[in-house]
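Let me begin by presenting the structure, written as structure tokens, before commenting on it.
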Amino acid sequence: MPNYLEETASIDFSKSEIADFLSNITFSDNQKENALKIFYKVRDSFLYDPYHLNIRKNALVASKAIIQKRAWCVEKALIMVSCCRRIGIPSRFGFAIVTNHIGVEKLVKYLGRNEIVFHGYAEILLNNKWVKCTPAFDKFVCRLSKVPALDWDGEHDSMFQEFSNGNKFMEYLHFYGTFEDIPFELMHSEMKRYYPHLFEKKFNLKEFSFRHD
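Each number in my numbering corresponds to the 1-based position in the sequence shown with 53 added.
In structure tokens form, the structure reads like this:
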């Protein structure tokens, strides 16, 4: 599947920043184990931060995202896909509309609605089967939200659970499908449809920022 192994302007896996990020991982011939090592490193190396969103093409680039200490779900999916492709594992993006019911009052205030549009995750081809994984929420953020960190076994889809400790946690409302690369035009149009106010003035605050052009 050459399209799912290709390098692109966003998935620039040949850059030294990607190599440096993976340098302390010992890889083997077992690609499932390799993918799991990448998943947990991506999940916990970056603090999940949905309050600083930059959806410009020149910003959503793996080699730029990977040197940050914080990342939002699309950036983490981008890093996951790029690292997997670097070591020869076919990978692609999935996007959805979700509602997070725990610990998002501040985010809802800025977005103006409950839906989180274009939540990103990764799909990895292992043993001839596409498997979903969601490396967005790191262990620290999960402890703060009092939900268990999302694990992955490389065999079953790993999506945010609907309930946690008896409380409503995450709902998947709509799936956009799968993509070889980040679909920038679709992402921009959907975000503009759901969050028009974010495109009408500049948001560059310490507690929240949104950049789109």
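Heads up, the beta-carbon is just placed ideally off N, CA and C, and yes, glycines get one too.
Keep in mind it's a predicted model, so treat the numbers as computed, not measured.
- Assignment of Leu106 by DSSP, reduced to helix, strand and coil, places it in the strand class.
- Counting only residues of its own chain and dropping the five nearest sequence neighbours on each side, Ile120 has a CB closer than 7 Å to the CB of Glu70.
- The Cβ atoms of Ile108 and His265 sit closer than 7 Å to each other.
- Put simply, the segment 230-238 touches the segment 60-80. At least three CB pairs are less than 8 Å apart.
- Ser69 sits in a helix when the DSSP states are folded into three classes.
- Taken in chain order, the unbroken stretches of alpha helix (DSSP H) that lie wholly in the segment 186-255 and span 4 residues or more are 192-198, 237-247.
- Buried is the label assigned to Pro143, since at least 16 other Cβ atoms lie within 10 Å of its Cβ.
- Using a Cβ distance threshold of 7 Å, Leu58 and Arg139 do not count as a contacting pair.
- Counted as a single uninterrupted DSSP element, the alpha helix (DSSP H) harbouring Glu158 occupies residues 158-164.
- Secondary structure of Phe74 (DSSP, three-state): helix.
- Scanning Val95, Val157, Phe190 for the CA closest to the CA of Leu75 turns up Val95.
- Between Leu131 and Asn111, the alpha-carbon positions lie close to 13 Å from each other.
- In the three-state scheme derived from DSSP, where H, G and I count as helix and E and B as strand, Asn56 is classed as helix.
- Under the 10 Å beta carbon count, Ser116 is surrounded by 16 or more other beta carbons and is classified as buried.
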